[in-house]
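Engineer: Residue numbers (the UniProt record's numbering): 1 to 395.
Have a look at this one:
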């Protein structure tokens, strides 16, 4: 056992030495020793990133308190309520729902109707109500969107405050001036650490958050964001990294605020905010990012350095990110088209419960129609509000 542990330790040490070879991370002729702290100057170190894990758990605690003491009262102020969905208990249907499928086929509905002595319409309505019973309430979705909105607002304001007086924001040549021997500023440290901690916290809570259709895409997105930020930190691409972060965060504020007002039922406000988000998204990620950020990371460094591994790897990641921007832009255009021609915005990438919301609306319409029919029958009118001849109510 001791020999096995020793071999494992040797293998780990060998892998560690290979992984941190300078040629993978730094330009030729630059050594890790060149980036040691000296004369009061501090440089980015991979060991700094360990702190993102405890800070992520701290953000989860802050999030819990925020959702409880800020987001929940705000949701109630907007008039969002926890609706209790009641259904008639049915052992046969409940067993089928839990052990077979939540979406029975027409054949299943026919068989269940015969078995339970109910109409097919009643079976459909029961399953629709049962599915709606399990979906997260609007308050929970509002709380999550409110937390993300609050963080993105805070980090965007902080990012702008950190960057507004930095020369490389206005002169992209300064991004590479002196690279990689660029000392780390306290503002850069906190900007990176908070951003990465936030994405770790989203990853840790994704199992308990509202289930989304693109669950796997969100996991991949969070891991990719953490990977890109970690790599840029270790290779000291921090100046360009801060520019990438602020360009991305500025649009997310508007998306989360649009979701908040959507859950609150303020459709007009939601539509306006979504149009603002769309405009900022297209400007920041389809114009500024490719023609400003990618130009800065792909073209300008060649005037200072020969291409090397981390330069190639960084730009490959950023180009993949740009492909994702085009992919998301396609879906945003679909939503804009829907809002213009159908007067309704629904995030086709978002909550898995959107289809249940539609079902719930159908259910409410059915109940309203049913109530109208009853009222009409009481007044001697048919469902189409025409007079019913005497003795034909049962037809």
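Where is the CB? At the ideal position from N, CA and C, for every residue including glycine.
Of all the options 295, 248, 301, which has the alpha carbon lying nearest to the alpha carbon of residue 277?
Structural biologist: Cα-wise, what sits closest to residue 277 is 248.
Engineer: In whole angstroms, give me the CA-to-CA distance for residue 28 and residue 103.
Structural biologist: For residue 28 and residue 103, the distance between alpha carbons rounds to 60 Å.
Engineer: Distance, Cα to Cα, residue 50 vs residue 188?
Structural biologist: About 16 Å.
Engineer: Can you give me the Cβ contacts of residue 143 inside the same chain, cut-off strictly under 7 Å, excluding the 5 residues immediately before and after it?
Structural biologist: Excluding residues within five positions, the ones whose Cβ falls inside 7 Å are 67, 71, 72, 75.
Engineer: Span of the alpha helix (DSSP H) holding residue 270?
Structural biologist: Looking at the DSSP string, the run of the alpha helix (DSSP H) that includes residue 270 is 267 to 283.
Engineer: Relative to the alpha-carbon of residue 26, which residue among 260, 231, 268, 256 has its alpha-carbon at the smallest distance?
Structural biologist: The option with the nearest alpha carbon to residue 26 is 231.
Engineer: From residue 79 to residue 208, what distance separates their C-alpha atoms?
Structural biologist: So the two alpha carbons sit approximately 24 Å from each other.
Engineer: Could you name the residues of the same chain whose beta carbon sits closer than 7 Å to that of residue 42, not counting the 5 residues immediately before and after it, in chain order?
Structural biologist: The answer, listed in chain order, is 183, 184.
Engineer: According to DSSP, what are the bridge partners of residue 202?
Structural biologist: DSSP lists no partner for residue 202.
Engineer: Return the first residue and the last residue of the alpha helix (DSSP H) that residue 230 is part of.
Structural biologist: Segment 215 to 234, the alpha helix (DSSP H) holding residue 230.
Engineer: So what does DSSP say about residue 121, is it helix, strand or coil?
Structural biologist: Correct three-state label for residue 121: helix.
Engineer: Could you tell me if the beta carbon of residue 2 falls within a distance shorter than 7 Å of some heavy atom in the ligand ATP?
Structural biologist: Ligands in the displayed structure: none, and consequently the ligand ATP is not present.
Engineer: To the nearest angstrom, how far is the alpha carbon of residue 330 from that of residue 322?
Structural biologist: For residue 330 and residue 322, the distance between alpha carbons rounds to 13 Å.
Engineer: Consult DSSP for residue 2 and reduce its assignment to one of helix, strand or coil.
Structural biologist: In this structure, residue 2 counts as helix in the three-state DSSP scheme.
Engineer: Rounded to whole angstroms, what's the CA-CA distance from residue 327 to residue 337? Just pull it up for me.
Structural biologist: Approximately 16 Å, taken between the alpha carbons.
Engineer: On the CB-based measure, 16 or more other CB atoms within 10 Å of its CB, does residue 86 come out buried or exposed?
Structural biologist: With fewer than 16 Cβ atoms within 10 Å of its Cβ, residue 86 is classed as exposed.
Engineer: With residue 270 and residue 258 assumed to form a contact (beta carbons below 8 Å), what rounded beta-carbon distance in angstroms separates them?
Structural biologist: About 5 Å separates the two Cβ atoms, so the contact holds.
Engineer: Which residue's Cα is closest to the Cα of residue 286: 267, 318, 313?
Structural biologist: Closest by alpha carbon: 318.
Engineer: Taking Cβ positions, are residue 332 and residue 289 nearer each other than 8 Å?
Structural biologist: No, the pair does not count as a contact, with Cβ atoms beyond the cut-off.
Engineer: Ordered along the chain, which non-local residues of its own chain (more than five positions away) have a Cβ less than 6 Å from that of residue 2?
Structural biologist: So the list is empty, once near-sequence residues are dropped.
Engineer: Check this for me: beta carbons of residue 90 and residue 126, under 8 Å apart or not?
Structural biologist: Yes. Within cutoff.
Engineer: Can you list, in chain order, the residues of its chain whose CB lies under 7 Å from that of residue 11, leaving out five sequence neighbours each side?
Structural biologist: Hits under 7 Å: none found.
Engineer: Can you name, in chain order, every residue of its own chain whose Cβ lies under 7 Å from the Cβ of residue 254, other than the five neighbours on each side?
Structural biologist: If we look at residue 254 and ignore the five residues flanking it on each side, its Cβ neighbours are 273, 276, 277, 280.
Engineer: Measure from the alpha carbon of residue 169 to the alpha carbon of each residue in 314, 260, 241, 55, then state which is nearest.
Structural biologist: Comparing Cα positions, the closest option is 241.
Engineer: Below 8 Å CB to CB, which residues in the same chain sit around residue 16 once its five sequence neighbours on both sides are set aside?
Structural biologist: Here the set comprises nothing.
Engineer: Between the Cα of residue 93 and those of 217, 111, 166, spot the shortest distance and give me the residue it belongs to.
Structural biologist: Minimum Cα distance to residue 93 is reached at 111.
Engineer: Verify whether the separation of the beta carbon atoms of residue 82 and residue 116 is less than 8 Å.
Structural biologist: No, the pair does not count as a contact, with Cβ atoms beyond the cut-off.
Engineer: By how many angstroms is the C-alpha of residue 234 removed from the C-alpha of residue 218?
Structural biologist: So the two alpha carbons sit approximately 24 Å from each other.
Engineer: Please return the same chain residues whose Cβ sits closer than 8 Å to the Cβ of residue 63, not counting the five positions on each side in sequence.
Structural biologist: If we look at residue 63 and ignore the five residues flanking it on each side, its Cβ neighbours are 147, 201, 205.
Engineer: Where DSSP assigns a beta bridge to residue 41, which residues make up the other side?
Structural biologist: In the DSSP output, where bridge partners are listed per residue, residue 41 has 38.
Engineer: Roughly how many whole angstroms lie between the Cα atoms of residue 309 and residue 105?
Structural biologist: Their backbone Cα atoms lie some 54 Å apart in a straight line.
Engineer: Within the same chain, show all residues whose beta-carbon is closer than 7 Å to that of residue 59, passing over the 5 residues directly before and after it, in chain order.
Structural biologist: For residue 59, where only same-chain residues beyond five positions count, the Cβ hits under 7 Å are 197, 198, 201.
Engineer: Residue range of the alpha helix (DSSP H) that residue 175 falls in?
Structural biologist: Taken as a continuous stretch (DSSP letters only), residue 175 belongs to no alpha helix (DSSP H), as it is neither H nor E.
Engineer: I'd like to check one pair, residue 163 with residue 283: are the Cβ atoms closer than 8 Å?
Structural biologist: Cβ atoms of residue 283 and residue 163: not closer than 8 Å.
Engineer: Helix, strand or coil for residue 138, going by three-state DSSP, please let me know.
Structural biologist: Helix, per DSSP.
Engineer: Candidates 324, 261, 176: which alpha carbon is nearest residue 311's?
Structural biologist: It is 176 whose Cα lies nearest to the Cα of residue 311.
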